[in-house]
Amino acid sequence: MANQIQQLHFLFVPLMSQSHLIPFTEMAKLLAHHGMSVTIVVTPVNALRYNKLIDYAKNLNLNIKFLSLRFPCPEVGLPDGCENLDSLPSPDLTQKFFEASNMVQKPLEKWLGELESESLPDCIVSDVCFPWTSDVALHFKIPRIVFQTVSCFTLACSHSIDCHRIIESITSPKPFLVPDMPDNIEFTEAQLPITRSTTSDYMRDCMKKFKEAGLSADGVLVNSFEELESRYMKEYQKTMKNTWCIGPLFLANSINSEKYNKAPVHEHKYLKWLDSRKSSSVLYVCFGSLSSIQPQQLMEIGLGLEASNCSFIWAIRKDHLTYQLEKWLEEEKFEERIQGRGLIVQGWAPQVSILSHPSVGGFLTHCGWNSTLEGISAGKPMITWPMFAEQFFNEKLIVQVLKIGVRVGVEHENTQLRMENEKLRADNMRYREALGNTSCPNCGGPTAVGKLTFDEQHLILENTFLRDEIDRFSAIVAKYVGILW
Numbered sequence: 002m003a004n005q006i007q008q009l010h011f012l013f014v015p016l017m018s019q020s021h022l023i024p025f026t027e028m029a030k031l032l033a034h035h036g037m038s039v040t041i042v043v044t045p046v047n048a049l050r051y052n053k054l055i056d057y058a059k060n061l062n063l064n065i066k067f068l069s070l071r072f073p074c075p076e077v078g079l080p081d082g083c084e085n086l087d088s089l090p091s092p093d094l095t096q097k098f099f100e101a102s103n104m105v106q107k108p109l110e111k112w113l114g115e116l117e118s119e120s121l122p123d124c125i126v127s128d129v130c131f132p133w134t135s136d137v138a139l140h141f142k143i144p145r146i147v148f149q150t151v152s153c154f155t156l157a158c159s160h161s162i163d164c165h166r167i168i169e170s171i172t173s174p175k176p177f178l179v180p181d182m183p184d185n186i187e188f189t190e191a192q193l194p195i196t197r198s199t200t201s202d203y204m205r206d207c208m209k210k211f212k213e214a215g216l217s218a219d220g221v222l223v224n225s226f227e228e229l230e231s232r233y234m235k236e237y238q239k240t241m242k243n244t245w246c247i248g249p250l251f252l253a254n255s256i257n258s259e260k261y262n263k264a265p266v267h268e269h270k271y272l273k274w275l276d277s278r279k280s281s282s283v284l285y286v287c288f289g290s291l292s293s294i295q296p297q298q299l300m301e302i303g304l305g306l307e308a309s310n311c312s313f314i315w316a317i318r319k320d321h322l323t324y325q326l327e328k329w330l331e332e333e334k335f336e337e338r339i340q341g342r343g344l345i346v347q348g349w350a351p352q353v354s355i356l357s358h359p360s361v362g363g364f365l366t367h368c369g370w371n372s373t374l375e376g377i378s379a380g381k382p383m384i385t386w387p388m389f390a391e392q393f394f395n396e397k398l399i400v401q402v403l404k405i406g407v408r409v410g411v412e413h414e415n416t417q418l419r420m421e422n423e424k425l426r427a428d429n430m431r432y433r434e435a436l437g438n439t440s441c442p443n444c445g446g447p448t449a450v451g452k453l454t455f456d457e458q459h460l461i462l463e464n465t466f467l468r469d470e471i472d473r474f475s476a477i478v479a480k481y482v483g484i485l486w
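This note's numbering numbers the first residue of the sequence shown as 2 and each following residue consecutively.
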């Protein structure tokens, strides 16, 4: 029996986006540590990002391999090298990116067809964004499991909205109630990933196919843990019985994904700076790998952080460091003005290490699910600032359901927040302790190791000047976060 388990071969087909590639890779490491073989489908440009993982696997004799398939950028009109969602020069190219991703089906089928029958993978673990893997699995008679990189809360709410045809019935911008949920959950149409006015027919059709392919899978894996959202996991299991929570995956391995996916640029410098700060005194600010923020908006955020009088460490993506922003930073001497109280990380930030640091007391986040899990695992209160996709769902989970964060868009003072501060922090610690008590489904050991993170919120950044919003944000940081710390 042991030999049979060791011979199991998994084929991973992830979406070429960092928020998907990272948990897929963590899962590959977890399986490989238990003697299984994993092949990850990548593209040439994305393969270059895995050099450290390749070295890591070789050093530990892990059976992790990569199948590099050509990504057809020219055929769909994408610039050369745009093989990852975070490399697209414009969100308008997202449809072309998915068109190119779908064209990977034929070369994958060709590769599988050239294998001997006994060498075929025992299971395909597919991103939900690749419904065509259903046809591949059926053709080669291989079981297929879908991996969801979102929360059970998001899955349950999305399914209810779809089944009750809520989007088709919306007639006003007022909030609507999501039917059949354990809590009274409300959204506006503008907060949904799919809307009638802003989503193309192509992407709506894609979402429909994603759901159909997910329901036809042999099972669903979710990067979450049952103690965090047990009611919503049970709700989703009414739709998809074979659903298993296996997260947070980044906690299952001793080397965090950022250690091999990106070079830890000046990591010791950032941690040394945090060492000099008081416990729970620093706000960590990061908006993820895909959020689109204009230079003027970033300037306003910087001014809000400065006006808050809180210590902060602010991660700014390289593609956000435009000439306009760099000129502003230099001419306004912004980094000099905040010296000793604030620190700017230009480029990739060692987020897990930062959130794990005892000096960090809160997390201003875009509410991406990976960041949310990292914040929760670290026991950090979050200020939520969602921008697109399912991020508004995550904000609702953080603020309303779990009650472990506050919204940037708060328009009036919560007089009960001070009295309930200890309850808020106790809830954070309770979820962190739940992680430590959760057994890994593969090895029976704890899934949590050490301290880790929290998440962020609302305001759709449509207008260029955010002075009013930043004033509110500054007040929240100065008042609410100051109370929490």
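Each residue gets a CB set at the ideal place from its N, CA and C atoms; glycine is no exception.
By Cβ distance below 6 Å, which residues in the same chain neighbour residue 220 in space, the five residues on each side in sequence not counted? Against the sequence shown, residue 220 aligns to sequence position 219. Correct list, in chain order: 146 and 243.
Quick one: using the 10 Å Cβ neighbour count with 16 as the cut-off for buried, is residue 1 buried or exposed? Residue 1 is absent from the model: the chain starts at 2 and stops at 486.
The alpha helix (DSSP H) that contains residue 320, what's its start and end? Locating residue 320 in the sequence shown gives position 319, counting from the first residue. Segment: none, residue 320 is in no alpha helix (DSSP H) and carries neither H nor E.
Coil, strand or helix - residue 246 by DSSP: The count along the sequence shown starts at 1 and reaches residue 246 at position 245. Note: residue 246 maps to strand in three-state DSSP.
Can you tell which of 217, 210 and 24 has the C-alpha that lies nearest to the C-alpha of residue 152? As a working mapping, residue 152 is identified with position 151 in the sequence shown. Cα-wise, what sits closest to residue 152 is 24.
By the DSSP assignment, the beta strand (DSSP E) with residue 206 in it spans what residues? In the sequence shown, the residue the question calls residue 206 occupies position 205. Judged by DSSP secondary structure, residue 206 falls outside any beta strand (DSSP E) and instead within the alpha helix (DSSP H) spanning 202-216.
Collapsed DSSP secondary structure at residue 8 in the structure displayed: As a first step, residue 8 is located in the sequence shown; it is residue number 7 there, counting from the start. Coil, per DSSP.
Counting only the same chain and skipping the five closest in sequence on each side, list residues whose C-beta sits under 7 Å from that of residue 69. Residue mapping note: residue 69 aligns to position 68 of the sequence shown, counting from 1. Only residues of its own chain outside the window of five on either side were considered, and among them 43, 44, 45 and 48 have a CB closer than 7 Å to the CB of residue 69, listed in chain order.
Kindly give me the distance between the Cβ atoms of residue 224 and residue 250, rounded to whole angstroms, as I take these residues to be in contact under 8 Å. Your numbering for residue 224 matches position 223 in the sequence shown. Your numbering for residue 250 matches position 249 in the sequence shown. That pair is a contact at about 5 Å.
What does the Cβ neighbour count give for residue 203, buried or exposed, with the cut at 16 atoms within 10 Å? Taking the sequence shown and counting its residues from 1, one reaches residue 203 at position 202. By the 10 Å Cβ count, residue 203 comes out exposed.
Residues bridged to residue 221 [DSSP beta-bridge criterion]: Residue 221 sits at position 220 when you count from the first residue of the sequence shown. For residue 221, which the question treats as bridged, DSSP gives the partners 147 and 244.
Which of helix, strand or coil does DSSP assign to residue 66? Locating residue 66 in the sequence shown gives position 65, counting from the first residue. In this structure, residue 66 counts as strand in the three-state DSSP scheme.
With contact counted as at least three CB pairs below 8 Å, one residue from each stretch, are the stretch 230-249 and the stretch 166-178 in contact? Contact between the stretch 230-249 and the stretch 166-178 is absent: fewer than 3 CB-CB pairs across the two stretches fall below 8 Å.
How about residue 188 and residue 14: are their beta carbons less than 7 Å apart? Translated into positions along the sequence shown, residue 188 becomes position 187. Translated into positions along the sequence shown, residue 14 becomes position 13. Not closer than 7 Å, so no.
Please name the residue, chosen from 125, 114, 137 and 120, that lies closest to residue 106 on a Cα-to-Cα basis. Residue numbering aside, residue 106 sits at position 105 when the sequence shown is read from its first letter. Of the listed residues, the one whose Cα sits closest to residue 106 is 137.
Kindly indicate which three-state DSSP category residue 23 falls into: helix, strand or coil? Stepping through the sequence shown from its first residue, residue 23 is reached at position 22. Helix at residue 23.
In terms of alpha-carbon separation, which member of 144, 80, 371 and 324 lies closest to residue 10? To locate residue 10, count along the sequence shown from 1; it is residue 9. Taking each of 144, 80, 371 and 324 in turn and checking the Cα distance to residue 10, the smallest one comes out for 144.
Unbroken stretches of the beta strand (DSSP E), 3 residues or longer, contained in the stretch 278-322: The stretch 278-322 contains these whole beta strand (DSSP E) runs: 283-287 and 312-317.
Where are the beta strand (DSSP E) runs, 3 residues long or more, that stay fully inside the stretch 45-106, in chain order? When DSSP assignments are scanned along the stretch 45-106, the uninterrupted stretches of beta strand (DSSP E) that are 3 or more residues long and fall wholly within it turn out to be 65-69.
So residue 319 and residue 348 are in contact, right, with Cβ under 8 Å, and what is the actual spacing, rounded? As a first step, residue 319 is located in the sequence shown; it is residue number 318 there, counting from the start. As a first step, residue 348 is located in the sequence shown; it is residue number 347 there, counting from the start. At roughly 5 Å, the Cβ-Cβ gap stays under 8 Å, so residue 319 and residue 348 are in contact.
CA nearest to the CA of residue 338, picked from 312, 307 and 135: For the purposes of this step, residue 338 is taken as the residue at position 337 of the sequence shown. Per the C-alpha coordinates, the member of 312, 307 and 135 positioned closest to residue 338 is 307.
CA-CA distance, residue 39 and residue 149? Numbered from its first residue, the sequence shown carries residue 39 at position 38. Numbered from its first residue, the sequence shown carries residue 149 at position 148. Each residue's alpha carbon lies about 18 Å from the other.
Exposed unless 16 or more other CB atoms sit within 10 angstroms - verdict on residue 292: Stepping through the sequence shown from its first residue, residue 292 is reached at position 291. Residue 292 is classed as buried because its beta carbon has at least 16 other beta carbons within 10 Å across all chains shown.
Give me whichever residues DSSP pairs with residue 1 in a beta bridge. This structure gives no information on residue 1, because the portion of the chain shown stretches from 2 to 486.
Could you pull the start and end residues of the beta strand (DSSP E) that residue 408 belongs to? Numbered from 1 along the sequence shown, position 407 holds the residue referred to as residue 408. For residue 408, the enclosing beta strand (DSSP E) has its first and last residue at 406-408.
Counting C-beta neighbours from all protein chains within 10 Å, is the total for residue 26 16 or more, i.e. buried, or is it exposed? On the sequence shown, position 25 is the one that residue 26 refers to. Buried, because 16 or more other Cβ atoms sit within 10 Å of the Cβ of residue 26.
Got a sec? Which residues, its chain only, sit under 6 Å from residue 37 by beta carbon, not counting five neighbours each side? Taking the sequence shown and counting its residues from 1, one reaches residue 37 at position 36. Here the set comprises 9.
What's the gap between the Cα of residue 374 and the Cα of residue 282? On the sequence shown, position 373 is the one that residue 374 refers to. On the sequence shown, position 281 is the one that residue 282 refers to. Cα to Cα, residue 374 sits roughly 21 Å from residue 282.
Drop a sphere of 10 angstroms on the beta-carbon of residue 358, count the other beta-carbons inside from all chains shown, and report buried for 16 or more, exposed for fewer. Within the sequence shown, numbered from 1, the residue matching residue 358 stands at position 357. In the assembly as shown, residue 358 is a buried residue. Its beta-carbon has 16 or more other beta-carbons within 10 Å.
Quick one: what does DSSP say residue 488 is sitting in, helix, strand or coil? No answer is possible for residue 488: the residues shown for the chain start at 2 and end at 486.
C-alpha distance - residue 96 paired with residue 78, whole-angstrom precision: Here residue 96 is taken as the residue at index 95 of the sequence shown, counted from 1. Here residue 78 is taken as the residue at index 77 of the sequence shown, counted from 1. Straight through space, the alpha carbons of residue 78 and residue 96 are spaced by roughly 11 Å.
Own chain partners of residue 330 with C-beta closer than 7 Å, once the 5 adjacent residues on each side are dropped: Within the sequence shown, numbered from 1, the residue matching residue 330 stands at position 329. The beta carbon of residue 330 is closer than 7 Å to those of 336 in its chain, skipping five residues each way along the sequence.
Going by other Cβ atoms of all chains shown within 10 Å of its Cβ, with 16 needed for buried, is residue 158 buried or exposed? Position 157 of the sequence shown holds residue 158. Classification of residue 158: buried, given that the 10 Å Cβ count is 16 or more.
List the endpoints of the continuous alpha helix (DSSP H) containing residue 155. Here the question's residue 155 lines up with position 154 in the sequence shown. Note, residue 155: alpha helix (DSSP H), 153-164.
Compute the beta-carbon to beta-carbon distance between residue 200 and residue 391, rounded to the nearest angstrom, for a pair I have assumed lies under 8 Å. Locating residue 200 in the sequence shown gives position 199, where the first residue counts as 1. Locating residue 391 in the sequence shown gives position 390, where the first residue counts as 1. Contact doesn't hold; Cβ gap of about 14 Å is too wide.
Would you call residue 379 buried or exposed, if buried means 16 or more other Cβ atoms sit within 10 Å of its Cβ? Your numbering for residue 379 matches position 378 in the sequence shown. By the beta-carbon neighbour count (other beta carbons within 10 angstroms, threshold 16), residue 379 is buried.
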